[in-house]
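Numbering (my numbering), first residue to last: 1 to 499.
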């Protein structure tokens, strides 16, 4: 018993010792966790071996290679409008030609089916001589035989009727008979005959027969081939329009991508300057140079799209693979077909003061542009538009405003109130029924601007003083020169395209 007590006491001490060790360890860790860690010394961080990122990096500047296309001479430009492309496709496309020939074949088949009702005319002519021996003088022969001859001619007209399945036949025959028979009192003789026969089926073939069946089938085939031809034409036209505008988009996209390369290179040069000034990290040069490479890759992708779009269009409109069109660069040009039909023309409206050169070239373009720029002049006091004239690229210093529209009269009046001579400057005035009555609640300004036209044949005609200085040229057009401000003429060096 004493040994068991000693053993239990020893075990109890060991358990208590382990519990004390565990509690002491937990408390120590909790105390250490509450103590803050020491911050690193900045001087030690400066001594860390951190490598610099591309300090002397310079992207290799390479010019964009020449944008060529295999088999296409870029110097040979072929301007092509949508109308011309459609006309070439309808004339040269083989599928349309096959469909057109199928229509002609169906037309010939229908004519052939109707041919069964064409009347048939036949004729025959023959000569016959018969010598008959006789055994008795009562037979009428003088030399032991009688001789007879005849000339026979027959004509037959026959055919079938397109209704009720009947057929007809008309026969005419004429004979000249001669004989030496003594008992024949009349020789020669001319017997003739005219007969007409018509056969009408009562039941079978009266309402519908084989001939009419063939005709109906031919009609259906003709209608089918005509619809197929129209459908094929519509498909080709739609394909040409789609290819035409795909090429237009591809060319515009190519230009945008090339502009993107230029902008990316400008950005690269800008980043280099900022890096040299220390405002950007050198890594930004790498990013900008990568962007330049990406845009250059986009240029070649866009060029490939242009080639594919142009080949698709040429495949639809070119007459053959050896045609000169394949070696030319197609350039889409805008014509009146853009609006959807040939009766609608494109127009540009230019408003506000504009220099003559900008009005003439920025909006009108070179002389070969397929549209006309019409310059209108007018003021709100006289129905907005009072003149109209076509601006032509003739190199003049300023474009004219044209001539007065119907129902409007233009007068150039000198400061003393007389009509200016041809080519002499003066104040431009607008006269006619389009002139307003005046300004609302502004009687003084109304009296100054809205006056009675002293040169009109009808008394009481209103005239509006525009305040613009103009002159009438030898061809009858009006040219603006400046403005009258505070009683002084302010001359315009560039001119005013519209008011």
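Here a beta-carbon is modelled for each residue, glycine too, at the ideal position from N, C-alpha and C.
Here the structure is a predicted model, which means the values were calculated and not measured.
If you reduce the DSSP assignment to three classes, tell me which class residue i lands in.
i: residue 422; result: coil
i: residue 305; result: helix
i: residue 322; result: coil
i: residue 230; result: helix
i: residue 400; result: coil
i: residue 69; result: strand
i: residue 472; result: strand
i: residue 354; result: Legend: pLDDT at residue 354 = 43, less than 50; position of this residue unreliable, value from coordinates given subsequently. Coil.
i: residue 158; result: strand
i: residue 279; result: coil
i: residue 363; result: Confidence at residue 363 is low in this model, with a pLDDT of 44, below 50, so its placement is unreliable and the value that follows should be read with caution. Coil.
i: residue 204; result: coil
i: residue 440; result: coil
i: residue 241; result: helix
i: residue 407; result: coil
i: residue 165; result: coil
i: residue 368; result: A caution first: residue 368 carries a pLDDT of 47, below 50, which makes its placement in the model unreliable, though a value can still be read off. Three-state result, residue 368: coil.
i: residue 417; result: coil
i: residue 209; result: coil
i: residue 297; result: helix
i: residue 9; result: helix
i: residue 458; result: coil
i: residue 93; result: coil
Using DSSP bridges, identify the partner residues of residue i.
i: residue 377; result: 387
i: residue 463; result: 431, 451
i: residue 145; result: 133
i: residue 196; result: 170
i: residue 126; result: 152
i: residue 78; result: 330
i: residue 480; result: 470
i: residue 412; result: 428
i: residue 121; result: 157
i: residue 175; result: 152
i: residue 101; result: According to DSSP, which records beta bridges pairwise, residue 101 is partnered with nothing at all.
i: residue 513; result: Any answer about residue 513 is impossible in this case: the structure gives the chain only from 1 up to 499.
CA-CA distance, residue i and residue j?
i: residue 513; j: residue 182; result: One cannot answer for residue 513 here, as it falls past the ends of the chain, which runs 1 to 499.
i: residue 77; j: residue 319; result: 18 Å
i: residue 117; j: residue 190; result: 34 Å
i: residue 225; j: residue 106; result: 7 Å
i: residue 214; j: residue 95; result: 28 Å
i: residue 425; j: residue 458; result: 26 Å
i: residue 384; j: residue 377; result: 8 Å
i: residue 491; j: residue 282; result: Confidence is the limiting factor: at residue 491 the pLDDT is only 49, short of 50, which leaves the residue's position unreliable, though a coordinate-based value still follows. Distance between the alpha carbons of residue 491 and residue 282 is about 56 Å.
i: residue 170; j: residue 192; result: 14 Å
i: residue 157; j: residue 109; result: 25 Å
i: residue 442; j: residue 79; result: 57 Å
i: residue 228; j: residue 389; result: 48 Å
i: residue 72; j: residue 307; result: 9 Å
i: residue 468; j: residue 474; result: 19 Å
i: residue 524; j: residue 478; result: The requested residue 524 does not occur in the structure, where the chain is confined to residues 1 to 499.
i: residue 345; j: residue 379; result: Because the pLDDT of residue 345 is 45, which lies under 50, any placement of that residue in the model is unreliable, and the question is left without a value.
i: residue 113; j: residue 102; result: 16 Å
i: residue 500; j: residue 387; result: Look at the range of the chain in this structure, 1 to 499, and you will see that residue 500 is not part of it.
i: residue 472; j: residue 421; result: 8 Å
i: residue 127; j: residue 155; result: 15 Å
i: residue 219; j: residue 253; result: 50 Å
i: residue 129; j: residue 111; result: 46 Å
i: residue 121; j: residue 131; result: 34 Å
i: residue 451; j: residue 415; result: 15 Å
i: residue 527; j: residue 323; result: It is not possible to answer for residue 527, since the shown part of the chain is limited to 1 through 499.
i: residue 482; j: residue 400; result: 13 Å
Since I believe residue j is in contact with residue i (beta carbons under 8 Å), could you give me their beta-carbon distance rounded to a whole number of angstroms?
i: residue 453; j: residue 462; result: 7 Å
i: residue 125; j: residue 148; result: Their Cβ separation, rounded to whole angstroms, is 18 Å, which puts residue 125 and residue 148 out of contact at 8 Å.
i: residue 172; j: residue 186; result: Actually they do not touch by this definition, with Cβ atoms about 22 Å apart.
i: residue 247; j: residue 313; result: 5 Å
i: residue 272; j: residue 285; result: 6 Å
i: residue 316; j: residue 89; result: 5 Å
i: residue 177; j: residue 211; result: Contact flag wrong, Cβ pair sits at about 41 Å.
i: residue 175; j: residue 152; result: 5 Å
i: residue 261; j: residue 299; result: 6 Å
i: residue 244; j: residue 85; result: 5 Å
i: residue 93; j: residue 236; result: 5 Å
i: residue 391; j: residue 427; result: With a Cβ gap of about 24 Å, residue 391 and residue 427 do not count as contacting.
Closer than 7 Å: is that where the CB of residue i sits relative to any heavy atom of the ligand FAD?
i: residue 190; result: This structure lacks the ligand FAD; in fact it carries no ligand of any kind.
Nearest chain D C-beta to residue i closer than 8 Å, yes or no?
i: residue 262; result: Among the chains of the structure shown, chain D does not appear; only one protein chain is present.
Are the segment 425–442 and the segment 401–408 touching by the rule of at least three beta carbon pairs closer than 8 Å? yes
Contact between the segment 225–244 and the segment 254–261 is defined here as three or more beta-carbon pairs at a separation below 8 Å; is this criterion met? no
Stretch pair the segment 155–174 + the segment 194–203: three plus CB contacts closer than 8 Å: yes
Within 8 Å, do at least three Cβ pairs link the segment 313–331 to the segment 260–267? no
Between the segment 436–446 and the segment 409–420, can you find at least three pairs of beta-carbon atoms closer than 8 Å? no
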